[in-house]
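Numbering (our numbering), first residue to last: 844 to 1199.
A virtual CB, placed ideally from N, CA and C, is assigned to each residue, including glycine.
Remarks on the structure that follows.
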Ligand code: IPM
Ligand code: MG
């Protein structure tokens, strides 16, 4: 098969980790008879520098016309003082919105070989961690009305947290469908003891659950969830939650994997077009030094093969190659531990390719 991919490598370590992802995909393509054609477009800080805006219309158009989008990372200190709608992050949020990517899947899996890199006590993770965070991605306060106003306490600012029945229904279905293919357990995370939006959220999740009688559903308030995640990480399967809670909990879950440099993500909408990116950011402090961990980006490529193109064997080959590299003792700096062999970004990519 032939696939047209839009590539938004972005800023900082984005281009380095993306380069390894592309090499891996090309090799998989060779082995299985697929060709990937890449169209590079600018988004984030590099687009601000070149075009004066973080997300040029051209980038949106190319992404929309592609079979899927690969994204590296956006952001950097150079652009930190720009006003909100001109910041590099606008590229990410704008693409999520423009492409209708409402479902964000963030699988936090702890490889056996990385148990030492996980900051939790060994007895807490000895049964293995395998959590799928399903985060709503185009609603909530990220996309709600925002603004400033005068109050009797002086100037104030607001970001409205709003969810409609339809928005909750579709993300809940994504979570339940995924749970059906895993351990059939969904944990809904909200704050319904305080927030009206969470009360609606929970009532819709309960409604959707009726269509999935085989799935066990439980609920946690977000504050409690953040605590339970580090107390009993092995007991979670699928977590479904809103945009802001999912942002926070997925960073927490990323630490279960040993490093945020291990966590891939998929952003999906109604069709097969998805956007695939590592959960980590642009890490400007280590950019250009060939020391970044490309595994999260490489695993995002595998998620694309699985979720957008249904190429399960091809995806598995990448996942297995990553596991082998780790079992063989190779580590980038972020997951380095005693007795292991430390390698750079390019070398890590090469080691994965050798094991495909
Ligand atoms: C993420 C990031 C983004 C978000 C930022 C960079 C806008 O933290 O993908 O989790 O908050 O969604
Ligand atoms: Mg985040």
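Item: Residue 993 classed as buried or exposed, judged by whether at least 16 other C-beta atoms fall within 10 angstroms; Value: exposed
Item: Rounded C-alpha distance that separates residue 908 from residue 1116; Value: 9 Å
Item: Beta-carbon proximity check, residue 1097 vs residue 1062, cutoff 9 Å; Value: no
Item: Own chain, CB closer than 6 Å to residue 1162, minus 5 neighbours either side, in chain order; Value: 1145
Item: Inter-residue Cα distance where the pair is residue 999 and residue 927; Value: 16 Å
Item: Segment contact, 8 Å Cβ cut-off, at least three pairs: the region 912–928 with the region 1082–1089; Value: no
Item: Chain-ordered residues, beta carbon under 6 Å from a heavy atom of ligand 2; Value: 1090 and 1094
Item: Alpha-carbon to alpha-carbon, residue 906 and residue 930; Value: 20 Å
Item: Selected residue, minimal CA-CA separation from residue 1095, among 1114, 1071 and 1118; Value: 1071
Item: Residue 1074 classed as buried or exposed, judged by whether at least 16 other C-beta atoms fall within 10 angstroms; Value: exposed
Item: Beta-carbon contacts of residue 881 that lie in its chain and below 7 Å, excluding the five residues immediately before and after; Value: 848, 850 and 865
Item: Secondary structure of residue 914, DSSP reduced to three states; Value: strand
Item: Residue-level contact to chain D via CB, residue 1073, 9 Å cutoff; Value: Considering every chain present, this structure includes no chain D. It has just one protein chain.
Item: Which of helix, strand or coil DSSP assigns to residue 881; Value: strand
Item: Separation of residue 925 from residue 945, as counted between CA atoms; Value: 27 Å
Item: Beta-carbon proximity list for residue 970, same chain, < 8 Å, skipping 5 on both sides; Value: 1077
Item: Proximal residues to residue 1059 (C-beta, below 8 Å), its chain only, five neighbours per side dropped; Value: 1027, 1028 and 1029
Item: Cα-Cα separation, residue 1185 to residue 1191; Value: 9 Å
Item: DSSP three-state assignment for residue 1200, whether helix, strand or coil; Value: Missing from the structure shown is residue 1200; the chain here goes from 844 to 1199 and no further.
Item: Beta-carbon spacing of residue 951, residue 1069 below 9 Å; Value: no
Item: Anticipated Cβ contact below 8 Å, residue 863 with residue 1132, distance rounded; Value: Between residue 1132 and residue 863 the Cβ distance is about 14 Å, and since that is not below 8 Å, they are no contact.
Item: For residue 1153, the nearest candidate out of 856, 860 and 910 (CA to CA); Value: 910
Item: Three-state secondary structure (DSSP) of residue 896; Value: coil
Item: Selected residue, minimal CA-CA separation from residue 933, among 903, 1135 and 1139; Value: 903
Item: 8 Å contact criterion, which residue 1033 and residue 1055 should meet: CB distance rounded; Value: That belief does not hold up - the Cβ atoms of residue 1033 and residue 1055 are roughly 18 Å apart, past 8 Å.
Item: Cα-Cα separation between residue 1100 and residue 996, rounded to whole angstroms; Value: 44 Å
Item: Reference residue 973, options 912, 879, 958 and 1169, closest by Cα; Value: 958
Item: Heavy atom of ligand 1 within 8 Å of residue 1006 beta-carbon; Value: no
Item: Simplified DSSP assignment, three categories, for residue 1094; Value: helix
Item: Cβ-based neighbour list, residue 1155, same chain, cut-off 7 Å, excluding 5 preceding and 5 following; Value: 1149
Item: Straight-line Cα distance separating residue 1176 from residue 889; Value: 26 Å
Item: Among 1024, 990, 965 and 986, nearest to residue 975 - alpha-carbon criterion; Value: 1024
Item: Terminal residues of the beta strand (DSSP E) in which residue 979 lies; Value: 973–979
Item: Helix, strand or coil at residue 1150 [DSSP, three-state]; Value: helix
Item: Cβ-Cβ distance between residue 1038 and residue 1011 below 9 Å; Value: no
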